[in-house]
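Heads up, the numbering used here is the position in the sequence shown plus 1060, with the first residue counted as 1.
Input: a single structure, listed below in structure tokens.
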Amino acid sequence: MAPTNSSNKLGEIMMESGLLTREQLSHALKEQKKSRAPLGNVLLDLGHIDEKGLLTGLSKQSGLEKIELDSYHIPREALRLIPPSVARRLKIIPLSLNNGQLTVAMADPFDIDAVEEIERLTGYPVDIKLATEKGILKAVETYYKDKGGSDRGPKRIEELLEGDKRGTVAEKEEKDTPTIAPVVKLVNQLIFHAVKEGATDIHIEPKEKELVTRFRIDGILREGPVFPKALQPAITSRIKIMANLNISENRLPQDGRITFRLGEKRIDLRVSTVPSIFGEKLVLRILDKERLVLGLEDLGFSPRHLAVFKDCILKAHGIILVCGPTGSGKTTTLYSALSYLNSKEKSIVTLEDPVEYQLPNLTQCQINSKIGFTFASGLRTILRQDPDVILVGEMRDAETVEAAMRAAITGHLVFSTLHTNDAAGAITRLLDMGVEPYLLSSSLVAIVAQRLVRRICTFCKEKVRLEERLLKMTGLGEKGKRIVFYRGRGCDRCYGTGYRGRIAIFEILPVTPSIASLISKRADSQTIQNKAREEGMTTMMQDGLQKAAKGITTVEEVVRVSYGS
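See below:
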């Protein structure tokens, strides 16, 4: 049975039941505002209730049955379904398996992540009973020790792994599909869950005694399912087979690609493996075209920034650079710009390493430095193909930069990326790479610097006052006290983080005659930035604070990406 969505609050239920006084509840609510911890945990920490009292309140709130674990006998087949490491971490213990349904005891019935993880791990729907946290942890230690429980998975998985000692997973998949099905289903469910949650990467990390997974969601790594160590060879081999990698090679890094279908939707995954002391670590980069290619209006540009950016990319020739660290959304901005320019009247050619996603009507070229097909040599070659627009994946060296500059001044519009912290810093970086100032000043059209900030969850959004520390860091001072800012309180929809989704913050530095003059004189980045601000440039910090004032993101998030990257 799942918990009911009772509208009654836990504190009110416990007060009505005589478990709590109004003064104690008021005290706990004040402490909760400071710590933002669940109310039940705050009440326990303050000593206002004990675990049995909390259990009674949760039972009335959720409509679930509370039990005493001391009176239960847990069969071996139930214990085999959940490894002890998972049971301890999630504070959950299996009770029985009847008619295809797994009954478990939990201390927190509203921990949806824990329930979903158990359902994914075991393949059975879960029925929840309530027990105290101490009782659950005591039962975990007692039962897994006495009944011989181990970190191995379900019996059918154990049999699969025994079979794999005699032959590879690939051979078994061809000869015995039913036997391999559990691991196939497990990997498919892992990918499906990551895509459903909006993850951009899946990290599969072998540890000494378990196989840990983590999902990068909204730029932050979050813990995923933890699998028994015994499943590591089967899961690793399955993913390598899907990516057409050599499953017998585990000493060298490998790269591959998987096409995964969710109904009518196609998801591409870029797979990277690297050997570690406990086995191969795998990272699956999720490439979703719907998220990768957006309309320019959806990228997060302010109306002024959007007008400036459109004006720049519609020029006939010159270089437009997009700058920022890895994972700052540069590829999305570039692909969206190319999609905006894409038409039957234009020839658009890209040089990428790797090609992130195939776009219609474009000629996309994959760099292969092993055979001498580099950005620089590729750029010289495609200039003979009469392109109108060129994308160079990255300005990696002076040879590539100079070739791109010469392409720009000979009538081509060139897009590329550079790893710098801000727009003005890109100019000094290019000069340091040996580019002649006259070449740079005559070819650059604009530099866009960007970061990704997390959006406030719309389901738990609330007003907030800024701390003095943030007022000083942002330079808002007293003016900031009069601005209404927001934050996410944390709810089930955002997994308690207060954030859901991301949006970019930008600064765009158009190369005006005065900026070109400074470049020719080899001015430093601070001088160039000061001049750009005099001419009306909005910095990333300012753009982020404007979005925070509109309730799109938080000031803390703007500060994090501005100072932490």
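Yeah, the Cβ is synthetic: ideal placement off N, Cα and C, and Gly gets one too.
Keep in mind it's a predicted model, so treat the numbers as computed, not measured.
Is the number of C-beta pairs between the segment 1357-1364 and the segment 1311-1325 that are closer than 8 Å three or more? no
Min CB distance Gly1494 to chain C below 8 Å: Any reference to chain C falls outside this structure, which holds one protein chain only.
For the pair the segment 1151-1170 and the segment 1130-1140, tell me if three or more CB-CB distances fall below 8 Å. yes
Assuming Ala1165 contacts Lys1194 under a Cβ cut-off of 8 Å, what Cβ separation, rounded to an integer in Å, is found between them? Not quite, the Cβ-Cβ distance comes to about 12 Å (not below 8 Å), so this is no contact.
Residues in the same chain with beta-carbon distance under 6 Å from Met1074, minus the five sequence neighbours each way, listed in chain order, please. Leu1080 and Gly1117
When DSSP labels each residue in this structure, what does Glu1283 get in the three-state scheme? strand
On the three-state DSSP scale, how would you describe Pro1288? strand
Using DSSP with H/G/I as helix, E/B as strand and the rest coil, what is Asp1261? strand
Can you name the start and end residues of the beta strand (DSSP E) that Pro1335 belongs to? Lys1325 to Ser1336
Checking 8 Å against the spacing of the C-beta atoms, do Thr1386 and Val1508 come in under that value? no
Pair within 8 Å by beta-carbon distance, Ile1152 and Leu1181: no
Where Asp1371 falls: helix, strand or coil (DSSP): helix
Pull up the CB-CB distance for Ile1565 and Val1618, whole angstroms please, since I reckon it's below 8 Å. 7 Å
Apart from the five residues on each side of it in sequence, which residues of its chain come closer than 7 Å, Cβ to Cβ, to Glu1268? Phe1338
Quick one: which unbroken alpha helix (DSSP H) runs of 4-plus residues sit fully inside the segment 1096-1152? Chain order, please. 1099-1106, 1111-1122, 1136-1139 and 1144-1150
Test item: CB-CB of Gly1355 and Ser1388 under 8 Å: no
Within 10 angstroms of the Cβ of Ile1264, are there 16 or more other Cβ atoms? Answer buried if so, exposed if not. buried
Expressed to the nearest angstrom, what Euclidean distance is found between the alpha-carbon atoms of Val1452 and Arg1148? 50 Å
Between which residues of its own chain and Glu1177 is the CB-CB distance below 6 Å, once the five residues before and five after are set aside? Pro1285
Quick one: measure Cβ to Cβ for Ala1167 and Ile1196, integer angstroms, because I've assumed they're closer than 8 Å. 6 Å
Quick one: what does DSSP say Met1600 is sitting in, helix, strand or coil? helix
Assuming contact is defined by CB atoms lying nearer than 8 Å, are Ile1579 and Ile1487 in contact in what I supplied? yes
Under DSSP, the alpha helix (DSSP H) around Gln1586 begins and ends at which residues? Ser1585 to Glu1594
When the Cα atoms are used, what is the spatial distance from Lys1390 to Gly1384? 7 Å
By the 10 Å Cβ neighbour count, where 16 or more other Cβ atoms means buried, how is Thr1518 classified, buried or exposed? exposed
For Asp1358, which three-state DSSP category applies? helix
Considering only residues of the segment 1362-1433, which uninterrupted beta strand (DSSP E) runs meet the minimum length of 3 residues and lie entirely inside it, listed in chain order? 1378-1383, 1408-1412 and 1423-1426
For Ala1609 and Ile1568, believed in contact at Cβ under 8 Å, the rounded distance: Not really, about 20 Å apart at Cβ, beyond 8 Å.
Helix or strand or just coil, what does DSSP make of Met1302? helix
For the beta strand (DSSP E) containing Leu1342, name the first residue and the last one. Gly1339 to Leu1347
Excluding the five sequence neighbours on either side, which residues of its own chain have a C-beta within less than 6 Å of the C-beta of Leu1530, listed in chain order? Val1615
By DSSP, does Ser1308 sit in helix, in strand, or in coil? coil
Looking only at C-alpha atoms, which of Ser1403, Glu1111, Asp1278 and Met1600 sits nearest to Gly1558? Asp1278
Going by DSSP in three states, Val1272 sits in which element: helix, strand or coil? strand
Which residue comes first and which comes last in the beta strand (DSSP E) that contains Met1166? Gln1161 to Met1166
Taking a contact to mean a Cβ-Cβ separation below 8 Å, would you say Ala1467 touches Leu1443 in this structure? yes
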